[in-house]
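A.B. asks: Chains as they are written, first to last, in my numbering: chain A, 602 to 838; chain B, 3 to 201; chain C, 3 to 201; chain D, 156 to 379; chain E, 156 to 379.
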Amino acid sequence: MGSPPLFYNWSSKIIPWLGITTLVLLSLGIYWGLFVSPIDYKQGDVYRILYIHVPSAILGESIFIFMAICGFINVIWRAKISGMMLKAAAPIGMSFTLLVLVTGSVWGKPTWGTWWVWDARLTSTLILFFIYAALIGLHSTIEDKTKADRAVSILSIVGVAIIPVIKKSVDWWQTLHQPSTFTITSSPSMSPEMYLPLLICLLGFYMFFAFSLTLNLRNEVLDRERSKAWVKQNFNS
Amino acid sequence: MLPNLKVENLSCVRSEKAIFENLNFDVFPGQNIEIIGSNGSGKTTLLRAILGLIRPENGTIRWLDDDNNFNEYRTYDCFYQGHQLGIKNLLTVFENLNLTHNAKGLKKEKIYKCLERVGLSNINDLASSLSVGQRKRISIARWLLKDFKIYFIDEPFSALDDEATNLIERLIIELNTEGCSFVMTGHRPSQVNASRIEI
Amino acid sequence: MLPNLKVENLSCVRSEKAIFENLNFDVFPGQNIEIIGSNGSGKTTLLRAILGLIRPENGTIRWLDDDNNFNEYRTYDCFYQGHQLGIKNLLTVFENLNLTHNAKGLKKEKIYKCLERVGLSNINDLASSLSVGQRKRISIARWLLKDFKIYFIDEPFSALDDEATNLIERLIIELNTEGCSFVMTGHRPSQVNASRIEI
Amino acid sequence: MSNSIFGWLTIILRRDLLIAFRRSATYITPLIFFLIVVTFFPLALGPQESLLSSLAPGVIWIATLLASLLAVESIFSEDFRDGTLDNFFISLEPSFVLVFAKVLIHWLITGLPIMAASIIAAIVLYLPFDSFLPILLSLILGTSFMSLLGALGAALSLGKSAILSAIIVLPFSIPTLLMGTSVITSSINSQDYFGFLMIMGAMLAIGIPLLCLLTVEALLLNYD
Amino acid sequence: MSNSIFGWLTIILRRDLLIAFRRSATYITPLIFFLIVVTFFPLALGPQESLLSSLAPGVIWIATLLASLLAVESIFSEDFRDGTLDNFFISLEPSFVLVFAKVLIHWLITGLPIMAASIIAAIVLYLPFDSFLPILLSLILGTSFMSLLGALGAALSLGKSAILSAIIVLPFSIPTLLMGTSVITSSINSQDYFGFLMIMGAMLAIGIPLLCLLTVEALLLNYD
Ligand code: HEM
Ligand SMILES: Nc1ncnc2c1ncn2[C@@H]1O[C@H](COP(=O)(O)OP(=O)(O)OP(=O)(O)O)[C@@H](O)[C@H]1O
Ligand SMILES: Nc1ncnc2c1ncn2[C@@H]1O[C@H](COP(=O)(O)OP(=O)(O)OP(=O)(O)O)[C@@H](O)[C@H]1O
Ligand SMILES: [Mg+2]
Ligand SMILES: [Mg+2]
């Protein structure tokens, strides 16, 4: 996997599978969540935005952790491919974080009465968004791509400190926002009819991440190896 | 024949120290002046004083206008190349030529031709990846953008290899036949046909 | 006699372009190497690669230690003078020497002597008022601060007048007799006694 | 002649905008910066809606001021360092054009993105919808004036630190800060804010010729 | 060896402080900026004593963070541009020392004046005398941490704009903002603020080695 042409060929094989699983999981999860699962007794139908909101939130955080791991590997062992992965993952993570902010605001208007409150979870999510922006902005200012990867890797290592803060914000501070229901240690407090579709959506989102990451990474690899023989061969024939 | 530029009694003082005093020379069309001096003798200062970037202490600088009168202000464009070449790292070689104010209204073909003349082939590379000498070539390509009357070039030959040195020498001869003059500086006399002034 | 520095099979690649390949040379105490190449041939890159500022693509750089073994890491101080001289405009000439990390623990008299050797007398002027050549002299004065084993000097002779050129030549000979070596670059062979490498 | 001035202007604009776009950070960073500074206030001062909305005009203006300050230094420094400026002065008459082009570019790169961000700031700081227009109007006038002032500061502190230009610009930007804040505050209190806008407009109208000329002088100072 | 490190440290410190003092703007500007931001609040909110003193902790911290940002970009940029940095990397082992010296200088130039100004701010904003000690303690820890973060930001954005380093640094400074504010608020309400100080101290303790090392890495990036 380390060598670009190998990765390229291997990824062409798995992309269709990733695409298909993503499609199946997402359509199943969203259909179930939006049309089948029971209505919430307090909030009515608005609550269904949860099936987008929560998975994107979890993805936004997971992707950052993924990036920090890539960054660490890139700084210590200078594995080029991990730098490219980091670069490829950043815009996806930023989009998911933006999606949390947007769905959260849309959800907040009917339930809390405002688009935005300055509560710990919301604010820390916003900071995550800013950190994504800083990473992407930094990458764009450095002409040499390999250097840019390393610079962003360094920053992502520092940045990962925000993730526990987001996670724990609902416990550490008094917030308006829902506390966590997803935990590994205890069983969910939600009813299974609501919980199961959410789980499927979440899996679908993860698959979507894998799918789009592979696509991005392929583009990145092609772009950087533009002048190499194997790329020219692949595209001339 | 009348000179394009008359320098009379020029003196410059910087931080209360006289750098040079009572310089007199004329720049005739098609002829060159080479200013020779050691480090810190004031060559750069002299060029900049002539072009009005530094206010001289004394003396006059007069330019010929279309009616053959001598004026204190310039009526035509001059080319100045100082120690710093004015090359932007974030532009490509081509853009570094094309987006100079002297390139206003020029066709692309003209620009390509100038770059070819100085032997720069990687015209779509960013200038940040060029070596010191390659940057100097960009500046030399700029000499050819327009018909300047007088070129003021600060140390044209430093940091250049033999190939580039020859190129410059040929270009100077060629531009001289078209009636352009060069005012250059250097630490020792160059191969160029010029009257020399020691400061 | 063992060399102080062995360069073997060195290759450098920048932005996927091979700059130079399979360079081999040894630097013996008291002997000089001059790297000759045209603009953009990779002289600066070579010096920086040897000093570890640029990671080479291939090859090894090995330094002699006190027990006559060759190591990948340097055991003694080297002097590097690049295109940029590291001179601070807001410090005086004297301070520019005195507050270099190499001047750690030196007496004032020693500093004065170094400045005298290179012919800089206006030692209390701010460096912002110096000409290009005068700045280069400050850098030359720094050669004398300590006993460096190897000097890496990028284009020592460019932008200098004859007096300064002579000064450098004399200094190099003197330092050679003390067992120091110079690795220099240039566009054409200089007067200095050195083995030349063309890249 | 005026045709040739126009030609110069477009060349300078094209060149500098191209450089700015090559590093996309140039125009995105002021925007993100502005938003981060805005979030500082609720975090540090507490999230009460009434407090935040009464502070909002000032917060928006402090963030604006700071964002345009931080970007000020680069207006001339690169051109000066690499010798481009020398050539402008030799070939470009009147030098006024150069300064004007540079101010315009600074405004396009910082002022414009900030105006976009100010609307987001207004929403999260609970400002009423009616105040958006006055915010934008005051920002157009204010940021342009800041770019002008910034150019003068940058010219005076050429080759020195970013911070020196900041110190030159800061005292003179206080009137803009006060006027801009007053415009927004008045509009929130449903008072007439037109007078303040007029003053800002007048400052700009006097500022364009005066500050451009002074900036030319200041640039020339670096030459003898 | 440790003796030699100490020698280097003093030479770097002497040199950079001398340069800083030659252009006095370096240490005066953050101070003035700090005071301007602080005076803005009474202007915007009116002079009610209770309101101002309840906001004061946040105000002081916002002003501190913004002021220390102003000088961040210059930490390494000049040494990089003129080649001094090359020589440091060639002669100075470990390079850690260089970064540490630079952080120290940035702190002396910005952090220290700000601490002096914060006492003035505390008086103007009607804070009780008892809170001065916690203000100073939290500022010592907080501004040092900001200088460390600033060094990393400056190294990552070397040769680029000041505002880029600002947006790299700002999101990471928010924890400092929150903790610093909490220290002062707790002390005003006669609560125990020691816990917050401990957290800040811990951040600093982890930050010094981690951030210095990462900064060295970031600087080296500019070399190959
Ligand atoms: C812009 C506003 C909002 C933001 C930035 C936001 C952010 C987040 C984040 C980061 C999570 C993380 C979950 C995790 O990692 O465990 C989350 C979960 C969640 N959010 Fe929001 N949220 C917002 C608004 C809302 C609103 C208005 C509601 C509903 C009233 C809501 C309900 C939830 C629920 C139910 C969860 C799932 C908690 C769990 O089971 O773990 N959010 N949100
Ligand atoms: N800004 C300044 N302020 C005061 N004095 C200056 C300034 N710039 C240059 N000088 C002085 O003017 C003298 C001439 O400098 P100039 O740069 O013209 O020399 P030069 O002949 O071009 O030298 P070189 O060959 O080294 O480039 C020098 O002695 C220098 O000290
Ligand atoms: N940062 C960089 N990124 C990519 N390529 C570079 C970079 N720096 C230099 N190069 C390329 O490396 C080659 C060698 O550059 P180098 O500066 O070593 O040349 P040089 O021999 O010192 O030339 P000169 O005599 O002009 O100083 C050049 O062709 C240049 O295009
Ligand atoms: Mg000169
Ligand atoms: Mg070179």
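The beta carbon of each residue, even a glycine, is placed where N, CA and C say it ideally should be.
Got a sec: does ligand 5 put a non-hydrogen atom nearer than 7 Å to the Cβ of residue 46/C?
C.D. replies: yes
A.B. asks: Hey, how far is the Cα of residue 753/A from the Cα of residue 672/A?
C.D. replies: 7 Å
A.B. asks: Based on DSSP bridge pairs, tell me the residues matched to residue 669/A.
C.D. replies: DSSP lists no partner for residue 669/A.
A.B. asks: If you draw a straight line from the alpha carbon of residue 624/A to that of residue 656/A, how long is it in whole angstroms?
C.D. replies: Residue 624/A and residue 656/A have their C-alpha atoms roughly 15 Å apart.
A.B. asks: Mind listing the chain C neighbours of residue 136/B? Cutoff is C-beta to C-beta under 8 Å, in chain order.
C.D. replies: Near residue 136/B (Cβ distances below 8 Å), the residues of chain C are 41 and 42.
A.B. asks: To the nearest angstrom, how far is it from the Cα of residue 353/E to the Cα of residue 262/E?
C.D. replies: Going by the C-alpha atoms only, they are around 20 Å apart.
A.B. asks: Does DSSP put residue 182/B in a helix, in a strand, or in coil?
C.D. replies: coil
A.B. asks: With DSSP run on the structure shown, which of helix, strand or coil describes residue 178/E?
C.D. replies: coil
A.B. asks: Using a Cβ-Cβ cutoff of less than 8 Å, which residues in the same chain neighbour residue 67/B once the five nearest sequence positions on both sides are dropped?
C.D. replies: 73 and 77
A.B. asks: For residue 40/C, which of 79/B, 167/B and 85/B has the nearest alpha-carbon?
C.D. replies: 167/B
A.B. asks: Opposite residue 271/D in the DSSP bridges: which residues?
C.D. replies: For residue 271/D, which the question treats as bridged, DSSP gives no partner whatsoever.
A.B. asks: So is the beta-carbon of residue 54/B under 7 Å away from any non-hydrogen atom of ligand 2?
C.D. replies: no
A.B. asks: Does the segment 106-123 of chain C touch the segment 256-275 of chain E, meaning 3 or more C-beta pairs lie closer than 8 Å?
C.D. replies: no
A.B. asks: Give the interface partners of residue 190/C over in chain B, defined as CB-CB distance under 7 Å, in chain order.
C.D. replies: 164
A.B. asks: With H, G and I counted as helix, E and B as strand and the rest as coil, what does DSSP make of residue 56/B?
C.D. replies: The answer is coil: DSSP assigns residue 56/B none of H, G, I, E or B.
A.B. asks: Taking just the CA atoms, how far does residue 42/C sit from residue 189/C?
C.D. replies: 10 Å
A.B. asks: Would the segment 687-701 of chain A and the segment 275-282 of chain E be scored as touching if the rule is three or more Cβ pairs under 8 Å?
C.D. replies: no
A.B. asks: Which residue wins for smallest C-alpha separation from residue 287/D, given the options 299/D, 297/D, 271/D and 302/D?
C.D. replies: 271/D
A.B. asks: Tell me which same chain residues have a C-beta within less than 6 Å of the C-beta of residue 362/E, skipping the five on either side of it?
C.D. replies: 300 and 303
A.B. asks: Would residue 315/E count as contacting chain A if we go by Cβ distances under 8 Å?
C.D. replies: With 8 Å as the cut-off, residue 315/E counts as an interface residue toward chain A.
A.B. asks: Grab me the residues of residue 193/B's own chain with a C-beta within less than 7 Å of its C-beta, minus the 5 sequence neighbours each way, in chain order.
C.D. replies: Hits under 7 Å: 171.
A.B. asks: Can you tell me which of the three DSSP states residue 216/E falls into?
C.D. replies: DSSP, read as helix, strand or coil, puts residue 216/E in helix.
A.B. asks: Per DSSP, residue 83/B forms a beta bridge with which residues?
C.D. replies: 155/B
A.B. asks: Tell me the rounded alpha-carbon separation between residue 134/B and residue 145/B.
C.D. replies: Whole-angstrom Cα-Cα distance: 18 Å.
A.B. asks: Mapping the DSSP letters down to three states, classify residue 102/E as helix, strand or coil.
C.D. replies: Since the first residue shown for chain E is 156 and the last is 379, residue 102/E is missing from the structure and cannot be characterised.
A.B. asks: Alpha carbon to alpha carbon, what distance is there between residue 240/D and residue 182/D?
C.D. replies: 23 Å
A.B. asks: Check each residue of the segment 10-21 of chain C: if its Cβ is closer than 8 Å to any Cβ of chain B, include it; give the result in chain order.
C.D. replies: Within the segment 10-21 of chain C, the residues whose Cβ lies closer than 8 Å to some Cβ of chain B are 16 and 17, listed in chain order.
A.B. asks: Identify the contact partners of residue 46/C in chain B, using a Cβ-Cβ distance below 9 Å as the criterion.
C.D. replies: 133 and 134
A.B. asks: So, does the segment 194-211 of chain E touch the segment 45-55 of chain C, judging by three or more C-beta pairs under 8 Å?
C.D. replies: no
A.B. asks: Taking the C-alpha atoms as reference points, what is the distance between residue 201/B and residue 233/E?
C.D. replies: 33 Å
A.B. asks: With distance defined between alpha-carbon atoms, name the residue in 370/E, 315/E and 335/E nearest to residue 356/E.
C.D. replies: 335/E
A.B. asks: In terms of residues, what are the limits of the alpha helix (DSSP H) holding residue 196/C?
C.D. replies: Taken as a continuous stretch (DSSP letters only), residue 196/C belongs to no alpha helix (DSSP H), as it is neither H nor E.
A.B. asks: Suppose you measure from the CA of residue 5/B to the CA of residue 195/B; what does that come to, to the nearest Å?
C.D. replies: 17 Å
A.B. asks: Could you tell me if the beta carbon of residue 39/B falls within a distance shorter than 7 Å of some heavy atom in ligand 2?
C.D. replies: yes
A.B. asks: Got a sec? Which residues, its chain only, sit under 8 Å from residue 99/C by beta carbon, not counting five neighbours each side?
C.D. replies: 105, 113, 116, 117, 140, 143, 144 and 147
A.B. asks: Report yes or no: is there a C-beta of chain A within less than 8 Å of the C-beta of residue 174/D?
C.D. replies: no
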